[in-house]
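Counting in our numbering, the sequence shown runs from 21 upward without gaps.
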Amino acid sequence: MILSNRAQNTLIGWESHGPRISEASFKTKKEGISMNIIQCYAPTNDYDEDAKDQFYDRLQSIIEKCPTKDLTILMRDFNAKVRTDNTGYEDIMGRHRLGEMNENGERFANPCSFNKLVIGSTIFPHKRIHKSTWTSPDHTKQNQIDHICINKKFKGTMEDVRTKRGADIASDNHLLVAKMKLKHKKHWTVGRTISQKFNTAFLQDTDKLNKFKIVLSNKFQAFHDLLNEEGTTVESNWKVEQRGNQFNMS
21 MILSNRAQNT
31 LIGWESHGPR
41 ISEASFKTKK
51 EGISMNIIQC
61 YAPTNDYDED
71 AKDQFYDRLQ
81 SIIEKCPTKD
91 LTILMRDFNA
101 KVRTDNTGYE
111 DIMGRHRLGE
121 MNENGERFAN
131 PCSFNKLVIG
141 STIFPHKRIH
151 KSTWTSPDHT
161 KQNQIDHICI
171 NKKFKGTMED
181 VRTKRGADIA
191 SDNHLLVAKM
201 KLKHKKHWTV
211 GRTISQKFNT
221 AFLQDTDKLN
231 KFKIVLSNKF
241 QAFHDLLNEE
251 GTTVESNWKV
261 EQRGNQFNMS
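So, in structure tokens, the structure goes:
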């Protein structure tokens, strides 16, 4: 997950849930309401059934932990094609889709329906080229397998979802973008460390650069001498500390 400086200032926290799911929470200007973004990379349609079951079971447990008052966004590559006919899914699915539903599409649509997550990529009318999120290597097939979903109560904050074909992201998947009407608020934490900026231009002066190298070398030499006096090495120190951490955790 890549954040702009502005978005980084609103970040409350993030967590990785294995290699396929990550989650981040952001502070909004709506009092008491956070925005939770869950990014997913679902197994492909021909993947092992048990692996797909485990993925969606884990995803469901993560969604359930998000407070119902919060804005929750479910997004990224689900390898799921949803059907043109939205019968039975009218509350969370529009009619602006591409292709026929596959098995992964059902696995994806069912938790969206259960958790009242609207599939944003299906509710906005666009040309086919702006619906397709994946193109086969031989350029003969196009599918809509990436999605951005939002919980139904905040559906009104989503203004558009479409593919941006001009973005080169070195992938057979195209960039999918959602336009949201939402304001973030800077998140302050107690004792937050302020990033220190360094004047790297200072080192462009050869004399100053050489002096800096000497000072840096002397500091490391002093540290090295101290370790030798104690009759140990950096590696043994690390091993001792590691054993101490294992002891504290047990």
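The beta carbon of each residue, even a glycine, is placed where N, CA and C say it ideally should be.
On a predicted model such as this, the values are computed, not experimentally measured, just so you know.
Closest option to residue 161, judged by alpha-carbon separation, among 167, 149, 172, 169: 149.
With a cutoff of 8 Å on beta-carbon distance, residue 169 and residue 79 are scored as not near each other. The beta carbon of residue 199 is closer than 6 Å to those of 179, 180 in its chain, skipping five residues each way along the sequence. Taking residue 21 as the centre and dropping the five residues before and after it, the same chain places the C-beta of 34, 42, 44, 57, 59 closer than 8 Å to its C-beta, in chain order. DSSP, reduced to helix, strand and coil, places residue 67 outside both helices and strands of the structure shown, so it counts as coil.
When the Cα atoms are used, residue 129 and residue 220 turn out to be separated by approximately 52 Å.
When C-beta atoms of the segment 106–121 are compared with those of the segment 130–146, three or more pairs fall below 8 Å, so the two segments count as touching. The C-alpha of residue 141 is placed about 27 Å away from the C-alpha of residue 205. Excluding the 5 residues flanking it on each side, residue 232 has same chain C-beta neighbours closer than 7 Å at 223, in chain order. In this structure, residue 98 sits near residue 166, with a CB-CB distance shorter than 8 Å. In the three-state reduction of the DSSP assignment, residue 110 falls in the coil class, being assigned neither a helical nor a strand state.
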